[in-house]
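In my numbering, the protein residues as written are 331 to 864.
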């Protein structure tokens, strides 16, 4: 119990303290009227309070709604209204966004209570050891103490909730009760909640052991915890295996390199762009990565050249994995003992995946490209209050006597003779920018709020670092033509949407190509963008 569950810039949070904090948060939630099955939105960067809050929500028999801390007020309102959140737990720097989003909602949908944590409360007392210290700007952000917003819901400080020491009462949630409602966007409409139970999450929390993780492991927790990958490997799986996790709230290649050496990090689940960035450091040759035993991740393809450098210079094999929010992160992983490069891996234990023809759903033989469909205990229970989308997401395969319901991933791939899966393309319209999934329909709906925009179509453009980046093809209103620049659109976007969704490129056109039914033919624009220059 006195072992460090988490380390935050050198300050440990023991398993005993994590348990006590979680109970106190659960008791506070119950005292504010949160009951079984109620939704609580969790809105902060990686920090020890994120973990204590998540377990506190679950201990109160409630449902965690993790929200990307990059969201702006225009986006955050959806994560109050759609899940009908009773409470939001946020960091102090995001309290203003919560207040603004909440005030814009109809009175019946507004929050009653908000619990606010400061990152500084989890930092070491006194100065941070220089070997663990972030840059000056990050430390200033971590130590900031913005005043709580006035009016609206009832605002409570994190330390006040802990000091109250309220007991939550008996625990009543079971394996099939809803535990997590992470949101994922799609080709149409606003983001939808994926219903995960304690059972679907437990399967993949245990799955982390595929990477030979255990109580002796030290992990680097830098993948965002709000994201399903960061949650499974940095929160649920980490506590399940009893390891110690070194938390980074934001990616910093120099600090990551120092922390891996200082704490002898053995396990690092990451996004390939982090490895690329680490190699881009002028100091990378001096980083001591000798403690790393398992390097894994996904979200974006690992370039073959980078994977080869890892192997040649550090003796490390990058074990790529594959999964979606709907599958609670991994459905496939490369066995670290025999990983293949630029490969999704094989289905993890208990998982049945097939390659099928997207139209006929007939299973295809090894080597042929089709849609990846998956059945397993970690597959979600459907989209929150979207029965039609749920029905469309599952299929039974012709001639399959088992009658299993397979989840349609929307990804095209193939399987080799040894059962390893490879990704070839996407059926769904989606942009993958450094592992962040950008859904064009969502960005378009936000851009339509710009007073100068008549129409917009979002497509992917090539980017040497991010892999893909966001490009907006825009038709301006007549009165705005000649008066609105690409920089104006980009600057407005930064104020109204998460940074990773902001178009990096804007092209103005007189009109967008449309089908006979009036739909924008985005694929024509995408194909044109994909053609080599000239």
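Idealized CB from N, CA, C, for every residue including glycine. Bear in mind the structure is a predicted one, so any value in this text is a computation, not a measurement.
Query                                                                                                                   : Result
Straight-line Cα distance separating residue 555 from residue 380                                                       : 8 Å
In DSSP terms, what residue 524 is bridged to                                                                           : 713
CA-to-CA distance, residue 689 to residue 428, given in whole angstroms                                                 : 44 Å
Opposing strand residues paired with residue 835 [DSSP bridges]                                                         : 801
Selected residue, minimal CA-CA separation from residue 332, among 338, 339, 343                                        : 343
Buried/exposed call for residue 795, threshold 16 Cβ in 10 Å                                                            : exposed
Distance, residue 349 Cα to residue 335 Cα                                                                              : 10 Å
Helix, strand or coil at residue 703 [DSSP, three-state]                                                                : strand
Rounded separation between residue 600 and residue 368 - CA only                                                        : 32 Å
Through-space distance from residue 780 to residue 836, alpha-carbon basis                                              : 14 Å
DSSP-derived helix/strand/coil call for residue 462                                                                     : coil
Buried versus exposed, by CB contacts within 10 Å (16 or more), residue 663                                             : buried
Selection from 801, 735, 670 that minimises the alpha carbon distance to residue 749                                    : 670
Extent of the continuous alpha helix (DSSP H) to which residue 490 belongs                                              : 488–494
Contact set for residue 488: own chain, Cβ-Cβ below 8 Å, skip 5 residues either direction                               : 379, 445, 446, 447, 448, 451
Per-residue DSSP class, three states only, for residue 844                                                              : strand
Closest Cα partner of residue 338 within the set 480, 577, 409                                                          : 577
Close-in-space but distant-in-sequence residues of the same chain around residue 390 (CB under 6 Å, 5 per side omitted) : 356, 359, 360, 364, 498
Status (buried if at least 16 other CB within 10 Å, exposed otherwise) for residue 613                                  : exposed
Contact set for residue 752: own chain, Cβ-Cβ below 8 Å, skip 5 residues either direction                               : 672, 673, 674, 743, 744, 745, 746
Reduced DSSP secondary structure (H/G/I, E/B, other) of residue 361                                                     : helix
C-alpha distance - residue 587 paired with residue 604, whole-angstrom precision                                        : 11 Å
Delimiting residues of the alpha helix (DSSP H) encompassing residue 745                                                : Note, residue 745: premise wrong, no alpha helix (DSSP H); beta strand (DSSP E) at 736–745.
DSSP-derived helix/strand/coil call for residue 406                                                                     : helix
6 Å CB neighbourhood of residue 618 in its chain, flanking five on each side removed                                    : 591
beta-carbon residue 776 near the ligand NAD non-hydrogen atom, thresh 7 Å                                               : With respect to the ligand NAD, the structure shown offers nothing to examine, as it has no ligands at all.
Residue 869 versus residue 683: straight-line alpha-carbon distance, rounded                                            : Because the chain here runs from 331 to 864, residue 869 falls outside it and cannot be looked at.
Any 3 or more C-beta pairs closer than 8 Å across the segment 470–480 and the segment 493–511                           : no
Bounding residues of the beta strand (DSSP E) (the contiguous stretch that carries residue 569)                         : Taken as a continuous stretch (DSSP letters only), residue 569 belongs to no beta strand (DSSP E), being part of the alpha helix (DSSP H) at 567–571.
Straight-line gap, residue 593 to residue 857 (C-alpha atoms, nearest Å)                                                : 47 Å
First through last residue of the alpha helix (DSSP H) which encompasses residue 609                                    : 602–609
Spatial distance of residue 829 from residue 484 (CA atoms)                                                             : 29 Å
Other residues of its chain near residue 793: CB distance less than 8 Å, five sequence neighbours each side excluded    : 763, 799, 834
Inter-residue Cα distance where the pair is residue 597 and residue 647                                                 : 12 Å
Contained alpha helix (DSSP H) runs [length at least 4] in the segment 620–660, N- to C-terminal order                  : 634–644
CA-to-CA distance, residue 509 to residue 526, given in whole angstroms                                                 : 6 Å
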